[in-house]
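Reviewing the structure listed below.
4 protein chains.
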Amino acid sequence: MIIVMRYGASEEDILRVIEQVERSGCEAHLDRGVERTIIGVRSGRHDLSPESFQRLPGVADAVRILKPYKLASREFHPSFTRIGLGRFEINEASFGVIAGPCSVESREQITETAKAVKAAGAHALRGGAFKPRSSPYAFQGFGEEGLKWLLCAGQEAELPVVTEVMHPGNIEMVARYADVLQIGARNMQNYDLLKEVASVGKPVFLKRGMAARVEDLLLSAEYLLDGGCGQVILCERGIRTFETATRNTMDIAAVPVLKKLTHLPVFVDPSHAAGYSDYVMPLALAAAAAGADGIMVEVHPNPAEARSDGPQSLTFPSFAELMESCRRVAQVVGRQV
Amino acid sequence: MIIVMRYGASEEDILRVIEQVERSGCEAHLDRGVERTIIGVRSGRHDLSPESFQRLPGVADAVRILKPYKLASREFHPSFTRIGLGRFEINEASFGVIAGPCSVESREQITETAKAVKAAGAHALRGGAFKPRSSPYAFQGFGEEGLKWLLCAGQEAELPVVTEVMHPGNIEMVARYADVLQIGARNMQNYDLLKEVASVGKPVFLKRGMAARVEDLLLSAEYLLDGGCGQVILCERGIRTFETATRNTMDIAAVPVLKKLTHLPVFVDPSHAAGYSDYVMPLALAAAAAGADGIMVEVHPNPAEARSDGPQSLTFPSFAELMESCRRVAQVVGRQV
Amino acid sequence: MIIVMRYGASEEDILRVIEQVERSGCEAHLDRGVERTIIGVRSGRHDLSPESFQRLPGVADAVRILKPYKLASREFHPSFTRIGLGRFEINEASFGVIAGPCSVESREQITETAKAVKAAGAHALRGGAFKPRSSPYAFQGFGEEGLKWLLCAGQEAELPVVTEVMHPGNIEMVARYADVLQIGARNMQNYDLLKEVASVGKPVFLKRGMAARVEDLLLSAEYLLDGGCGQVILCERGIRTFETATRNTMDIAAVPVLKKLTHLPVFVDPSHAAGYSDYVMPLALAAAAAGADGIMVEVHPNPAEARSDGPQSLTFPSFAELMESCRRVAQVVGRQV
Amino acid sequence: MIIVMRYGASEEDILRVIEQVERSGCEAHLDRGVERTIIGVRSGRHDLSPESFQRLPGVADAVRILKPYKLASREFHPSFTRIGLGRFEINEASFGVIAGPCSVESREQITETAKAVKAAGAHALRGGAFKPRSSPYAFQGFGEEGLKWLLCAGQEAELPVVTEVMHPGNIEMVARYADVLQIGARNMQNYDLLKEVASVGKPVFLKRGMAARVEDLLLSAEYLLDGGCGQVILCERGIRTFETATRNTMDIAAVPVLKKLTHLPVFVDPSHAAGYSDYVMPLALAAAAAGADGIMVEVHPNPAEARSDGPQSLTFPSFAELMESCRRVAQVVGRQV
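Residue numbers (the working numbering), protein chains in the order written: chain A, 1 to 337; chain B, 338 to 674; chain C, 675 to 1011; chain D, 1012 to 1348.
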């Protein structure tokens, strides 16, 4: 951080700032120019906010020069983080596809879906057994039984499985079934969950919260990285805005922004962003064209009967079509599906 | 929910809708007009979303008539829910004030603050021992030790204490020290936490999430009520918008909207909404004038040295001044501080 | 603006920045510290954006130190700008109320309303003759005929009139009838309109746009001030967010923020913010409590029959009640209605 | 619109609704079911808002069944509206590219740019001579002189020109030079401007406002269509949200949403959406992949010296690269650049 003093700030003003910097355990470095004084702050592992300095007497402005995240930053770790999804590797030349139903609803439903998405070329199977639902009266998932069905379906179809964990008390159990642990949008800032998931030793699929800036997403990733989990996949899934024609507003620019700022893979979930199946294909292709490392898509044998997210789920044929188009767009930007 | 069929929808279209309603465990009630057919849906405890019907063939629209929350609704429970804060009662004629530092930083800091806010007339003491911080490098709170200091300070000053719980595994422990359990904005949709907090038997202070609509807040309250906790205090604390002059955008209209929709008390947290101490007083007065049942305010012996939220914390004298002004505004709208 | 160079920025980097500053017609002032070099920029009347410098090689950051507006700033013009509304003066100790229908619908309607709001204590009469409507099929106002009715009604009731002007070609005509010219939210960034309205010599009532930051509002005011209009009243009327329980989200904090940044009077329009008459009273009282200099409120003899904005219009009795409550809240914060 | 009465609504309630419908010049059509009564409303050219009915006694809900726009709707006009840009035609199988500087800054600058973008394959030249700038102190454009340079540059390069018109008084003059008239984001709801531009007989390029829902954009298009201008190109250019990593948040889903709702061509402006040149290419490709009919891109001979929007402008070589990549992505989705 750099604190810029006003022209004519007094010695007392300068000292007050230095004292406050040092009280916070950071190092202040005074740099007197002819007209202005600048105080550089080396904060080490401390997180010092510019706001605490901006209103002190004599201060013109306080500005963060370094990003507040370090381990997630591409500056400090320039090479892309490759992550394995079963035999598939997420890397600079691949485009990963994770597909499956919103919720695991029955052994048949998930087995059938696993086969279909595998046949169409997906690399991993998704399916929720613990569902965060806005209403307490909505279907909340089949819990461990659902995980068993999911794992079986994945094994039969030779697909690694991705599933959400919501409760710190369930992490160990979920990790017994899952290849990749998903943190949902509503839990992106559930820091205790992040800390505990980080120590499991499995890749984490981290979804952006509805009100999270790109920087917040990277700070949540930083919790995982700092906690020992080096394998984090970030996922843009739409933010909440005033537009009501779609369920969320997909922030497609987050893809190139994240690719610039971080070395972690960046996925997109067009299903939650859109909310309606008609829009999933164009958004998936946009993600591929914008340079995403992959997508997560909701697919259901019979969307009209889905117990959650039916309106945004693809049928098997429309998913196969999507795979075909993704393949061609990905190729144009130098990637293999 | 009511499903309105298009003019000229076929019998097949109508049957398809009825089947889908019944498959979801709900009751369909057919009502044929001369030109249009309407299908009324009695969903009982099931949460059926209009979206699953809007795109079926022959359907003109599907509209929720009842609110998706029931226990939190004023329609079903017209009388205001009074909640005790120590000897103080939150009711239609009172205006409650919960005050204290963002974080409990030391025994002295919290004891001193407790005395000061008590002297100025506060009804409860706040203070965080578990802090949800965007950065893993920021101060995360003193945990159980902090709770001990908080409880002592509260007892000495004869103030009940309000503190945040973030981890389901800590609920029991936190509940041993706290009179009221706070769910923070970032955890408003952490449904597992809500379910477990609900069964503790203590009042819950539920903060609105940064991207939560009023309806989402009420649905989260519904989780608490449905889980057996009848004593829920709702808290508006600002939502995230494009405006950057304040930390969040305080949605003052949420106060009358909530007062109309629910029987639960509605508090406002002007400190987090503003982000800067200069704006806390006007926002607190606005809350009182708009009919809020109380406020939660951050107060610190020396805001410049606070380990979190310093820029938005009030000093002791400015808090005393705020209490004085609140008293007078509250009186105008028929309430006693 | 201050441009902070990186540690170890080369002489070439520094020169490049200085050249770019000077090419833009501004003055660069080099200030070498021991470790860092700072380039101060005196931009005079030029508006230089930090973004044009942030990505140059060797630049750590570029920060605006001065506000981009000058004439509107309280720093340069500390004393409050008092504005007369007929015999009433908007000043530090008063609280102004402008009331009337959304649209002027008939001579009777506006005359009747003028009398009623005058009797209740309003200081000015509002009424639209040119209506900016989202749909081309909605009622667009009675034009000059409506202005005549408005003026007559104002004269009879001894109330100055405030009315919107949308088209540069109509400014002169509207100014013949109006005491105060209103710029609507949709035209806040219609800069040609602002420039031409500025030269009329009448006070301007400037509404905040739905996507405007406080800073944008002040920049639009700067157009008026720079164009020769010293009498500008700013008006917060709600911004667009994801919340759908109200028509817009009233940014109550904009009141203290604006009071701090500018010397211009700050009004609030609770009617457009709320969208529903039930919420107008609490929002009006919140505005008074937060330190606003006044409010603009929609009142209609029979809201159910209004040709625009009926749902948010107050009846005569509810407006009288609002005036009574405003009077008492305003008094608490040291103002006279 | 359909108005659904509550179970047990009285005859008086029903009559009140019918009267209000008829007073508004619409036709009410009563439809009594066994349990519920529905009132269908035929509104003709009138725009009736559901809000005016929702709070009447006995009303359960009022719902719009038809879109509020008609001429812009694909339902009423299923075939795509093809628009000529010089010899190029915007149609279902083409992908149009409009390129050029933000502002016309000199005869040389625009001539040079015209040649470069033509050589790279652009179909039209953009360039502003009247610039809507947030600050009155920012460069406001060269006016008619700029238009002359623009026209010359276009003619030399054999490119039609697109330029913004801001002032109704300038429409005629601007139309003498421009092939396509642009309405900027800040003027999307400047209805008087829309009405007058509509009658010129030239295609209009209509940009989405920063706070405009897709529906608002279509209603603004409806003003143009209703005013006699059948050749309207819609343009998504980013909306304002809480994200600050980009200048605006590009709503990529608006492309498929608009393609579904309307027959008008849909363009995307990745430059204003991004705000930084690094992100323009991925956003342009995303637009092509999502099914847009074309893009508008800012290009400048020397972005560092641009008098406006430099940070988001492409150089000539990067524009040529963008064209090449767009060509390949467009081809995948069945379009020819």
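All residues carry an ideal CB built from backbone N, CA and C; glycine is no exception. Since the structure is predicted, the reported quantities are computational estimates derived from the model, not experimental observations.
For arginine 887 of chain C, the residues of chain B that pass the 9 Å Cβ criterion are Phe579, Glu580, Thr581 and Ala582, in the order they occur in the chain. Among the residues facing chain B, asparagine 248 of chain A is not included, as its CB has no counterpart in that chain under 7 Å away. Among the residues of chain D, those whose CB is under 9 Å from the CB of valine 341 of chain B are Ile1013, Val1015, Ile1049, Val1074 and Ile1076, following chain order. With its beta carbon less than 7 Å from one in chain B, valine 1003 of chain C belongs to the interface.
Distance from the CA atom of proline 301 of chain A to the CA atom of threonine 1124 of chain D, rounded to whole angstroms, is 53 Å. When 7 Å is used as the limit between beta carbons, glycine 1321 of chain D is near these residues of chain C: Ser726, in chain order. If you compare the alpha carbons of A:Gly184, A:Leu71 and A:Pro50 with that of aspartate 646 of chain B, the shortest gap goes to A:Pro50.
Contact between the stretch 448–466 of chain B and the stretch 649–660 of chain B is established, with three or more Cβ pairs separated by less than 8 Å. By the Cβ rule, the stretch 869–886 of chain C does not count as touching the stretch 204–213 of chain A, because fewer than three pairs are nearer than 8 Å.
In the displayed model, lysine 115 of chain A falls within a helix according to three-state DSSP. Boundaries around lysine 1206 of chain D are those of the alpha helix (DSSP H), 1202–1209, since no beta strand (DSSP E) includes it. With the rule of 3 Cβ pairs closer than 8 Å, the stretch 64–78 of chain A does not count as touching the stretch 267–280 of chain A. Around leucine 48 of chain A, the same chain offers Met1, Ser24, Cys26 and Val41 as residues with beta carbons nearer than 7 Å, after the five sequence neighbours per side are excluded. By the Cβ test, the stretch 82–95 of chain A is not in contact with the stretch 126–135 of chain A, since fewer than three Cβ pairs between them sit closer than 8 Å. DSSP lists D:Gly1305 as the beta-bridge partner residues of glycine 1107 of chain D.
Collapsing the DSSP output to three states places arginine 23 of chain A in a helix. Per DSSP, the unbroken alpha helix (DSSP H) holding isoleucine 171 of chain A starts and ends at 171–177. Between the stretch 425–434 of chain B and the stretch 470–484 of chain B there are fewer than three inter-stretch CB-CB distances shorter than 8 Å, so the stretches are not counted as touching.
Contacts between proline 132 of chain A and chain B, judged by CB atoms closer than 7 Å, involve Gln526 and Tyr528 in chain order. Under the three-state reduction of DSSP, cysteine 489 of chain B is assigned to helix.
Not a single C-beta of chain C is nearer than 7 Å to the C-beta of aspartate 1024 of chain D. By the Cβ criterion, the stretch 566–576 of chain B is in contact with the stretch 585–594 of chain B, since at least three pairs of Cβ atoms, one from each stretch, lie closer than 8 Å.
Neighbours of isoleucine 913 of chain C in chain B, taken as residues at a C-beta separation under 9 Å, are given in chain order as Thr578, Phe579, Glu580 and Thr586. Nearest C-alpha to alanine 1300 of chain D among D:Glu1309, D:Ser1282, D:Phe1278 and D:His1178: D:Phe1278.
The way I'd put it, the stretch 577–585 of chain B doesn't touch the stretch 149–169 of chain A; fewer than three beta-carbon pairs between them come closer than 8 Å.
Counting every other CB atom within 10 Å of its CB across the protein chains shown gives serine 608 of chain B a total of 16 or more, marking it as buried.
The DSSP-derived three-state label of arginine 42 of chain A is strand. The beta-carbon distance between valine 1308 of chain D and alanine 1295 of chain D, rounded to whole angstroms, is 7 Å. This is short enough to meet the 8 Å contact definition.
When DSSP reads this structure, leucine 1192 of chain D sits in a beta bridge with D:Thr1174 and D:Val1215. Under the three-state reduction of DSSP output, glycine 1321 of chain D falls in the helix class. For the 7 Å CB-CB criterion, glutamate 896 of chain C and tyrosine 681 of chain C do not form a contact. Under the three-state reduction of DSSP output, glutamate 1247 of chain D falls in the strand class. Counting only residues of its own chain and dropping the five nearest sequence neighbours on each side, glycine 1239 of chain D has a CB closer than 7 Å to the CB of Ala1209 and Ser1210.
When C-beta distances to chain B are compared with 7 Å, the residues of the stretch 946–979 of chain C below that value are Ala947, Ala948, Asp952, Tyr953, Pro956, Leu957, Leu959, Ala960, Ala962, Ala963, Ala964 and Gly965, in chain order. Assignment of arginine 463 of chain B by DSSP, reduced to helix, strand and coil, places it in the strand class. Beta-bridge pairing by DSSP links histidine 703 of chain C to C:Gly714.
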